[in-house]
Amino acid sequence: MQRPAFDIWTTRPVGWIAVIFWAAAVGSGFVLLTSYQNAPGTPAQPPADWPAESRIEPADQGATLLVFVHPHCPCTDATMEELARLMRHVRDTVRAHAVFLRPEPVEPGWVTTSLWRRAESVTGVRPRRDPGGRETDRFGVKTSGQVLLYGPEGALQFQGGITAGRGHEGDNAGRAALRALLTGARPADTETFVFGCSMHEDGTTGCIGGVCFR
């Protein structure tokens, strides 16, 4: 039986409106996720010279590299991968520490996440706990994934991140700058954006397609 003509004009517009609203919602969500992926964290305000009160051992000769890590930040997975790539080329020229925040009080295994195990697996990197975030605060670090490089004389040479976005692996200005500095070349940049969770958050973050969000 032929459908009444009024169905065409009353039901189809409703369907199209629903599709339009759905597309708008999906588009808005994608824009928000992309914006978050590309939004840098708060940069560090590190001392210009190695702080004498720090309990981290700087290199006797050569440079000292610090990577600050929130153990529960999934965005920092990419930072650890980029660190591994960097160390394959410069491990003999730098002493590297992965400094893991450990608030007080927390459970004994709170720090030893997959990020800790990844740091342990990188040749030339020494993972260490930071009780109460004392070193994190001492070096003015605000964001997980923050990297600092101090030269042989204790002067700050680089600060920033070694990813191009949150949870994003691949070539980036930070890794290129560090490799240049540690191989005697002049980098294009000595300060880059850092992408990661706040060191003052609990790290309850999720990821979709490499985009990390809260």
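Sequential numbering from 64 applies to the sequence shown in my numbering.
Note that the Cβ used here is the ideal one computed from N, Cα and C, for glycine as well.
Return yes when the Cβ of Gly-224 is within less than 8 Å of the Cβ of Gln-105, no when it is not. Gln is not the amino acid found at residue 105; the sequence shown has Thr there. Cβ distance not < 8 Å, so Thr-105 and Gly-224 don't count as in contact.
> How would you write the range of the beta strand (DSSP E) that Asp-200 sits in, first residue to last?
Replying inline: Taken as a continuous stretch (DSSP letters only), Asp-200 belongs to no beta strand (DSSP E), being part of the alpha helix (DSSP H) at 197-201.
Residue range of the beta strand (DSSP E) that includes Gly-223
219-223
Discussion item. According to DSSP, is Ala-243 part of a helix, a strand, or is it coil?
Written reply: helix
ask   = Looking at the unbroken alpha helix (DSSP H) that takes in Leu-152, where does it start and where does it end?
value = The identity of residue 152 in the sequence shown is His, whereas the question assumes Leu. Run containing His-152: 139-153, per the alpha helix (DSSP H) assignment.
key: Unbroken beta strand (DSSP E) run spanning Ala-115, endpoints   = Note, Ala-115: premise wrong, no beta strand (DSSP E); not H, not E.
Q) In angstroms, rounded to a whole number, what distance separates the CA positions of Val-257 and Pro-134? A) 16 Å
Under three-state DSSP, which class holds Ala-248?
coil
Looking at the unbroken alpha helix (DSSP H) that takes in Arg-181, where does it start and where does it end? 177-184
Beta-carbon spacing of Gln-220, Gly-228 below 8 Å | no
* Other residues of its chain near Ala-122: CB distance less than 8 Å, five sequence neighbours each side excluded -> Val-157, Arg-158, Pro-215
Measuring straight from C-alpha to C-alpha, what distance separates Met-150 and Gly-187? 7 Å
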